[in-house]
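This note's numbering puts the sequence shown at residues 1494 to 1677.
Backbone N, C-alpha and C define an ideal beta-carbon position, used for all residues, glycine too.
These notes are about the structure you will find just below.
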Amino acid sequence: MALKIYTKTGDKGQTSLIGGTRIPKFDVRIEAYGTVDELNSNIGLVRDQEIDEHSKIILIEIQDRLFTIGSLLAADPEKNKMVLPQISETDIVLLEKEIDAMNEYLPEMKHFILPGGHTTISFCHVARCVCRRAERCVLALNEVNPVDELIYKYLNRLSDYLFVLSRKITFDLKAVETPWKPRL
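Given below as structure tokens:
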């Protein structure tokens, strides 16, 4: 028998965490892992573009890590008995190595850059902005219920990765970066 997609258990505005605890769908925890899910979908959109295979492989790894983060955030820290995958320092190091490798051949930045130049580049910037929001949501949750600091550290580094990836794609597509030159 196939698993049903709808359960009707959330029809009154509550949902269950891993561990069984029921909480309102507007809870800060739901906002945090919902925003991570939104980020994951946006990264899928970037991955579906005409980009190099290496970046696609890294984006799949990132999506896997975001599913891990989502499951960790969706678990009741006091009642969950499931063994869940974890985020590690090596996940953050991977992002840093990728950032450094891309920066090796990118032109030096002398100004802030306006998002845009090509649809794929814009998708990267949208994902970066959602990543920043996910980080803020996780930090807000951390004020109420402690969250493993590797989660928000990973999200912080991921937003940096997405920015540099947008620059790499700009370079690969021979698109033009538009510098922000404030009118004073």
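| query | In this structure, what does DSSP give as the bridge partners for T1671? | reply | Taking the sequence shown and counting its residues from 1, one reaches residue 1671 at position 178. According to DSSP, T1671 bridges with L1607.
| message | Between which two residues does the beta strand (DSSP E) holding I1516 run? | response | By one-based count along the sequence shown, residue 1516 stands at place 23. 1515-1517 is the span of the beta strand (DSSP E), which, as asked, contains I1516.
| How close, in whole Å, do the beta carbons of G1512 and N1596 come, if the pair is a contact with beta carbons under 8 Å? | Stepping through the sequence shown from its first residue, residue 1512 is reached at position 19. Stepping through the sequence shown from its first residue, residue 1596 is reached at position 103. Between N1596 and G1512 the Cβ distance is about 41 Å, and since that is not below 8 Å, they are no contact.
| request: Report yes or no: do three or more beta-carbon pairs, one from the region 1651-1661 and one from the region 1624-1636, lie closer than 8 Å? | output: yes
| field | Inter-residue Cα distance where the pair is D1504 and D1569 | value | Locating residue 1504 in the sequence shown gives position 11, counting from the first residue. Locating residue 1569 in the sequence shown gives position 76, counting from the first residue. In a straight line, the C-alpha of D1504 is about 21 Å away from that of D1569.
| query | Rounded to the nearest angstrom, how far is the Cβ of L1588 from that of R1650, given a contact under 8 Å? | reply | The residue given as residue 1588 occupies position 95 in the sequence shown. The residue given as residue 1650 occupies position 157 in the sequence shown. Confirmed, Cβ separation roughly 5 Å.
| request: Tell me whether E1636 is buried or exposed, calling it buried when 16 or more other Cβ atoms sit within 10 Å of its Cβ. | output: The sequence position of residue 1636 within the sequence shown is 143, counting from 1. Exposed: under 16 other Cβ atoms inside 10 Å.
| query | Which value, in whole angstroms, describes the spacing of the CA atoms of C1617 and K1603? | reply | Sequence index remark: in the sequence shown, residue 1617 carries index 124 (1-based). Sequence index remark: in the sequence shown, residue 1603 carries index 110 (1-based). The alpha-carbon atoms of C1617 and K1603 are separated by roughly 20 Å.
| field | Residue burial classification, N1533 (beta-carbon count within 10 angstroms, cutoff 16) | value | Here the question's residue 1533 lines up with position 40 in the sequence shown. Buried is the call here.
| query | Between I1536 and T1561, is the Cβ-Cβ spacing less than 9 Å? | reply | In the sequence shown, the residue the question calls residue 1536 occupies position 43. In the sequence shown, the residue the question calls residue 1561 occupies position 68. Against a cut-off of 9 Å, the Cβ pair of T1561 and I1536 comes out as no contact.
| query | Looking only at C-alpha atoms, which of I1662, L1677, E1670 sits nearest to H1547? | reply | Taking the first residue of the sequence shown as 1, we reach residue 1547 at position 54. Residue I1662 is the option with its Cα nearest to H1547.
| Span of the alpha helix (DSSP H) around T1561 | Translated into positions along the sequence shown, residue 1561 becomes position 68. Element bounds for T1561: 1546-1567.
| Where I1498 sits in the DSSP three-state scheme | If you number the sequence shown from 1, residue 1498 lands on position 5. Looking at I1498 - three-state DSSP - the assignment turns out to be coil, as it is neither helix nor strand.
| said: Which of the three DSSP states is assigned to I1511 in this structure? | reply: Residue numbering aside, residue 1511 sits at position 18 when the sequence shown is read from its first letter. Three-state result, I1511: strand.
| request: Put N1535 into one of helix, strand or coil per three-state DSSP. | output: In the sequence shown, the residue the question calls residue 1535 occupies position 42. Three-state result, N1535: helix.
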